[in-house]
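So the protein sequences, as listed, match chains A and B. 225 is the number that the numbering used here gives to position 212 of the first sequence; each next residue is one higher, with no gaps. 236 is the number that the numbering used here gives to position 223 of the second sequence; each next residue is one higher, with no gaps. For each residue, glycine too, the CB sits at the ideal point set by N, CA and C.
Protein chains: 2
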Amino acid sequence: MARKPENNNRLDDAARAGWLYYVAGRTQDEIASIMGISRQSAQRLVSLAMAERLVKVRLDHPIAACLEAAARLKDRYQLKYADVVPSDPGSASTTVGIAEAGAAEIERWLKTAEPVVLAVGTGRTLKATIDQLPPMDCPQHRIVSLTGNIRLDGSAAYYNVIFSMADVINARHFPMPLPVLVSSPEEREVLHKQSLVKMALELGARADAVFVGVGELGAEAPLCEDGFLAREEMAGLMAAGAVGEICGWMFDHDGALLTGSINERVASIPLPPRDRASVIGIAKGRRKHEALRAALRGGIINGLITDESTAEYLLKA
Amino acid sequence: MARKPENNNRLDDAARAGWLYYVAGRTQDEIASIMGISRQSAQRLVSLAMAERLVKVRLDHPIAACLEAAARLKDRYQLKYADVVPSDPGSASTTVGIAEAGAAEIERWLKTAEPVVLAVGTGRTLKATIDQLPPMDCPQHRIVSLTGNIRLDGSAAYYNVIFSMADVINARHFPMPLPVLVSSPEEREVLHKQSLVKMALELGARADAVFVGVGELGAEAPLCEDGFLAREEMAGLMAAGAVGEICGWMFDHDGALLTGSINERVASIPLPPRDRASVIGIAKGRRKHEALRAALRGGIINGLITDESTAEYLLKA
DNA sequence: ACCAAAATTTTACCGTTTGATAAAAAAATA
DNA sequence: TATTTTTTTATCAAACGGTAAAATTTTGGT
């Protein structure tokens with residue numbers, strides 16, 4: 014009868030115990046008495062069944078795939094935070110879904126009692142995110158804009174992230190009264206010494222959480238469309254290897270910031286140190302794929318809110 | 014702020030909580046803080062996910078004793094398929110365990126690429142089995158109900174196997190819009206000529222796999238309890254030697270269909286030829302013992318899903 | 001648009017179940 | 001027999017499931 018079934022028997026018992034526990038719903042005490050062993054042995058068998066993956070838990074709901082993708086993204090790119098929302102294949106929107114999810118995450122930060130510093134970038138996605146925020150009263154927190162939204166011609170882009178945000182959450186807010194780009198490194202230096210700007214710079218460096226959009230480059234890039242960047246410059250940047258930008262900071266395929274070139278004229282506040290702060294990118298869609306992957310690779314962002322199909326791309330790469 | 018499609022969100026949240034709990038292994042406290050709700054709400058969501066069968070736990074490990082019993086059953090009764098699940102001595106449930114196993118076998122059939130015709134009976138066990146099926150998209154298959162679930166008084170029994178099944182697996186389905194029993198052989202003949210019924214009859218005859226419960230007879234038989242059969246008739250049947258029924262077809266101790274008597278008024282679709290199709294009975298428990306043995310002896314079923322202690326009975330006989 | 005009723009959520013509490021640890025006992029191995 | 005490994009026993013803090021009252025939100029009627 015019993016030849017050498019040691020290992021086999023053990024897994025058999027584990028399977029039996031796991032079955033009684035997970036399928037039949039008995040307590041470990043009951044299993045112990047049914048199988049004639051001590052409760053601790055029963056417990057060991059049950060957890061062995063789990064460890065050996067004898068019991069398989071399946072969750073039949075679209076949301077499950079999203080959660081799993083988020084967990085894998087976290088692991089793959091060493092993220093502090095990841096959230097994946099279901100894709101809507103039919104929709105062309107670049108914000109539906111992630112805007113709500115982004116707002117929820119911002120809300121979680123704002124709900125904390127101890128004061129935090131939140132920083133935001135700009136762009137359509139971020140504007141849509143802010144628009145999903147419920148009114149809140151957060152006098153203990155401060156919010157700062159990492160980047161301006163002044164165009165080359167001096168006018169302001171229509172979306173107004175920091176002020177919209179301040180409108181609904183009633184916290185002290187620090188705008189960035191500068192263009193995204195200035196004409197020279199020297200001009201940047203001068204502007205950054207203005208007292209108002211200095212306060213924002215200082216605050217930005219201490220931000221606990223940062224929420225940014227991720228810009229792709231190309232002829233139809235929002236950066237051009239919105240008049241932040243001349244098309245000739247765009248071509249030069251792409252030739253230099255740039256694939257995306259965050260708050261105006263250009264980076265290449267590996268997520269390394271471009272040295273020289275335009276980055277010396279970016280007036281935005283630098284992203285705070287990634288080891289301390291959460292820098293959460295909010296983006297989805299085919300056109301953002303490469304830029305997102307580069308930003309994740311290079312650790313420019315350590316948090317991500319995206320949708321399923323974008324997550325799929327980022328995972329298979 | 015427009016931000017909630019409530020109805021949808023409820024199950025979403027349940028799925029999310031269930032995933033975090035069962036897959037990610039978080040505690041309910043953690044889930045509560047992640048989702049921004051109280052622990053009790055988290056607990057409710059987790060158990061809702063269970064109740065709504067969003068999470069399905071399955072144990073695929075073959076337990077040696079069960080495997081051996083299955084092999085012996087196959088041999089002893091010339092079965093095409095046999096599956097034995099562990100017994101839970103204390104439990105009074107007649108479905109726990111075999112329902113999951115039955116669902117797994119149905120799933121295997123549904124996963125085949127070439128189109129198959131699946132037929133199902135009715136009853137509590139089968140309903141519990143169907144409830145364990147994961148959502149699937151199977152436009153290539155067809156499913157047909159071998160029997161109606163209309164009572165003597167014209168009302169429908171609460172369990173609704175074919176429609177529940179169609180709900181989750183999205184295949185063309187063919188219900189049997191008749192009672193289990195009609196008043197006379199002649200009426201049956203008339204009814205069976207209705208075009209709708211004829212299609213079901215035709216399909217049933219071509220079924221590749223059939224899943225049925227096995228009904229025992231007696232004063233407390235489900236057939237009586239559910240109002241399909243008057244108690245006086247039951248007594249007569251038993252006197253005539255009937256020990257069990259499948260889809261309403263009465264059989265005796267040797268598994269031979271009773272001639273005459275009530276069987277001439279059974280409106281169910283006849284079971285397809287056993288040499289071609291798999292007719293799999295799903296049943297366990299003391300009260301089903303005799304009916305099961307008779308059905309196996311007579312070859313009414315050529316497949317079986319049961320539990321260890323029932324298997325033991327069937328093997329020692 | 002308002003108020004009242006109903007339903008849901010939160011808060012608080014309690015007994016049971018669970019996972020983990022450490023020492024004693026038993027079994028297996030050399 | 002001595003040594004190693006496993007199982008049992010005992011104990012404890014954390015986690016869980018249930019209940020009940022208070023607070024909140026939703027619903028329905030006016």
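Open item on the list: Is D180(B) close to chain A? Criterion is C-beta to C-beta, closer than 7 Å.
Closed with: Walking along the second sequence from the start, residue 180(B) turns up at place 167. No, D180(B) lies away from the interface with chain A (no Cβ there is under 7 Å from its Cβ).
Open item on the list: From the DSSP secondary-structure annotation, give me the bridge partner or partners of S158(A).
Closed with: Here residue 158(A) refers to the residue found at position 145 of the first sequence. V133(A), per the DSSP bridge assignment.
Task: Amino acids of chain B, ordered along the chain, whose beta-carbon sits closer than 7 Å to that of A296(A) - done: Your numbering for residue 296(A) matches position 283 in the first sequence. Those within 7 Å of A296(A) in chain B number zero; the least Cβ separation is about 20 Å.
Task: 6 Å CB neighbourhood of T323(B) in its chain, flanking five on each side removed - done: The count along the second sequence starts at 1 and reaches residue 323(B) at position 310. Here the set comprises K297.
- [ ] Would you give the residue range spanned by the beta strand (DSSP E) that H302(A) belongs to?
- [x] Within the first sequence, numbered from 1, the residue matching residue 302(A) stands at position 289. Note, H302(A): premise wrong, no beta strand (DSSP E); alpha helix (DSSP H) at 302-310.
- [ ] Taking only beta carbons into account, state which residues of the stretch 66-81 of chain A come closer than 7 Å to chain B, listed in chain order.
- [x] L67, V68, K69, V70, R71, L72, D73, H74, I76, A77, L80
TODO: Could you confirm whether any beta carbon from chain B is found closer than 7 Å to the beta carbon of W122(A)?
DONE: The residue you call residue 122(A) lines up with position 109 of the first sequence. By this cut-off, W122(A) is not an interface position.
Open item on the list: Just to check my reading of the structure: I282(A) and A213(A) have Cβ atoms closer than 8 Å, yes? What is that Cβ distance to the nearest angstrom?
Closed with: On the first sequence, residue 282(A) is found 269 positions in, with the first residue counted as 1. On the first sequence, residue 213(A) is found 200 positions in, with the first residue counted as 1. Sure, about 6 Å apart at Cβ, within 8 Å.
TODO: Confirm, please, whether the CB-CB distance from M247(B) to C237(B) is below 7 Å.
DONE: Counting from 1 along the second sequence, the entry for residue 237(B) is found at position 224. Counting from 1 along the second sequence, the entry for residue 247(B) is found at position 234. Cβ atoms of C237(B) and M247(B): closer than 7 Å.
Task: Reference G316(A), options R85(A), Y94(A), S51(A), closest by Cα - done: Taking the first residue of the first sequence as position 1, residue 316(A) is located at position 303. Of the listed residues, the one whose Cα sits closest to G316(A) is Y94(A).
Task: Contact set for A218(A): own chain, Cβ-Cβ below 6 Å, skip 5 residues either direction - done: Taking the first residue of the first sequence as 1, we reach residue 218(A) at position 205. Counting only Cβ-Cβ distances below 6 Å, and skipping sequence neighbours, we find P285.
Task: Residue-chain proximity (K329(B), chain A), Cβ-Cβ < 7 Å - done: Translated into the one-based positions of the second sequence, residue 329(B) becomes position 316. Judged by the 7 Å Cβ criterion, K329(B) is not in contact with chain A.
Open item on the list: Let's test the definition: count the other Cβ atoms within 10 Å of the Cβ of R29(B) and tell me whether it reaches 16, buried, or not, exposed.
Closed with: Counted from its first residue, the second sequence places residue 29(B) at position 16. When all chains shown are included, R29(B) counts as buried.
Open item on the list: I need the straight-line Cα distance from P99(B) to I47(A), nearest angstrom please.
Closed with: Start at 1 with the first residue of the second sequence, and residue 99(B) comes out as number 86. Start at 1 with the first residue of the first sequence, and residue 47(A) comes out as number 34. C-alpha separation (whole angstroms): 12 Å.
Open item on the list: Could you check whether the stretch 63-83 of chain B touches the stretch 62-82 of chain A, counting it as contact only if at least three pairs of C-beta atoms, one from each stretch, sit closer than 8 Å?
Closed with: yes
Open item on the list: Is the beta carbon of A304(B) closer than 7 Å to that of G257(B)?
Closed with: Within the second sequence, numbered from 1, the residue matching residue 257(B) stands at position 244. Within the second sequence, numbered from 1, the residue matching residue 304(B) stands at position 291. Going by C-beta atoms, G257(B) is nearer than 7 Å to A304(B).
- [ ] Starting from the N-terminal side, write out each stretch of the beta strand (DSSP E) that is 3 residues or longer and does not extend beyond the stretch 89-144 of chain B.
- [x] 94-98, 130-133
TODO: Spell out whether any CB of chain B is found under 7 Å from the CB atom of R29(A).
DONE: The residue you call residue 29(A) lines up with position 16 of the first sequence. Yes - at least one Cβ of chain B is within 7 Å of the one on R29(A).
- [ ] Tell me whether D267(B) is buried or exposed, calling it buried when 16 or more other Cβ atoms sit within 10 Å of its Cβ.
- [x] On the second sequence, residue 267(B) is found 254 positions in, with the first residue counted as 1. By the neighbour-count rule (16 or more Cβ atoms within 10 Å), D267(B) is not buried but exposed.
TODO: To the nearest angstrom, report how far apart D26(A) and C79(B) are at their CA atoms.
DONE: Translated into positions along the first sequence, residue 26(A) becomes position 13. Translated into positions along the second sequence, residue 79(B) becomes position 66. The alpha-carbon atoms of D26(A) and C79(B) are separated by roughly 12 Å.
Task: Simplified DSSP assignment, three categories, for I47(B) - done: Walking along the second sequence from the start, residue 47(B) turns up at place 34. If DSSP states are grouped into helix, strand and coil, I47(B) belongs with the helices.
Task: C-alpha gap between I119(A) and L204(A), whole angstroms - done: Indexing the first sequence from 1 puts residue 119(A) at position 106. Indexing the first sequence from 1 puts residue 204(A) at position 191. Taking the straight line from one Cα to the other gives about 30 Å.
- [ ] Report buried or exposed for K329(B), applying the criterion of at least 16 other Cβ atoms within 10 angstroms of its Cβ.
- [x] The residue you call residue 329(B) lines up with position 316 of the second sequence. When all chains shown are included, K329(B) counts as exposed.
Task: Where V36(B) meets chain A, residues with beta-carbon distance less than 8 Å - done: Mapped onto the second sequence, residue 36(B) falls at position 23. The contacting residues are V70, L72, A77, L80, E81.
Task: Classification of E331(B) by the beta-carbon crowding that lies within 10 angstroms, buried from 16 upward - done: Because chain B spans 14 through 330 in this model, residue 331(B) falls outside it and cannot be assessed.
Task: Within-7 Å CB hit, A15(A) to chain B - done: Position 2 of the first sequence, counted from the first residue, corresponds to residue 15(A). Confidence at A15(A) is low in this model, with a pLDDT of 29, below 50, so the placement of that residue should be treated as unreliable; the coordinate-derived value is given next. No, no contact with chain B.
TODO: Tell me, to the nearest whole angstrom, how far the beta carbon of I163(B) is from that of P192(B); I am working on the premise that it is less than 8 Å.
DONE: As a first step, residue 163(B) must be located in the second sequence, where it is residue number 150. As a first step, residue 192(B) must be located in the second sequence, where it is residue number 179. With 8 Å as the limit, I163(B) and P192(B) qualify as a contact, their Cβ atoms being about 4 Å apart.
Open item on the list: Any beta carbon from chain A within less than 7 Å of V59(B)'s own beta carbon?
Closed with: Position 46 of the second sequence, counted from the first residue, corresponds to residue 59(B). Not one chain A Cβ lies under 7 Å of V59(B).
TODO: Just list the beta strand (DSSP E) runs in the stretch 231-303 of chain B, keeping only unbroken ones of 3 residues or longer that don't cross its boundaries, in chain order.
DONE: 255-259, 262-265, 291-295
Task: K262(A) at chain B interface by Cβ criterion, 7 Å - done: By one-based count along the first sequence, residue 262(A) stands at place 249. For the sequence presented, residue 262(A) should be read as Trp rather than Lys. It does not; no Cβ of chain B falls within 7 Å.
Open item on the list: Taking 7 Å as the threshold (beta carbon to beta carbon), is P390(B) in contact with chain A?
Closed with: The question about residue 390(B) has no answer here: the residues shown for chain B are numbered 14 through 330.
TODO: Kindly say whether I333(A), judged by its beta-carbon, lies nearer than 7 Å to any beta-carbon of chain B.
DONE: A question about residue 333(A) goes unanswered here, because the residues of chain A that appear run from 14 up to 330.
- [ ] Alpha carbon to alpha carbon, how far is T142(A) from A117(A)? Give it in angstroms, no decimals.
- [x] Within the first sequence, the letter at position 104 stands for residue 117(A). Within the first sequence, the letter at position 129 stands for residue 142(A). Approximately 9 Å, taken between the alpha carbons.
Open item on the list: Quick check: what's the CA-CA separation for V130(B) versus A234(B)?
Closed with: What you label residue 130(B) is simply residue 117 of the second sequence in a count that begins at 1. What you label residue 234(B) is simply residue 221 of the second sequence in a count that begins at 1. Using only the alpha carbons, I get a separation of about 30 Å.
Open item on the list: Going by DSSP in three states, A330(B) sits in which element: helix, strand or coil?
Closed with: For the purposes of this step, residue 330(B) is taken as the residue at position 317 of the second sequence. Coil at A330(B), not helix or strand.
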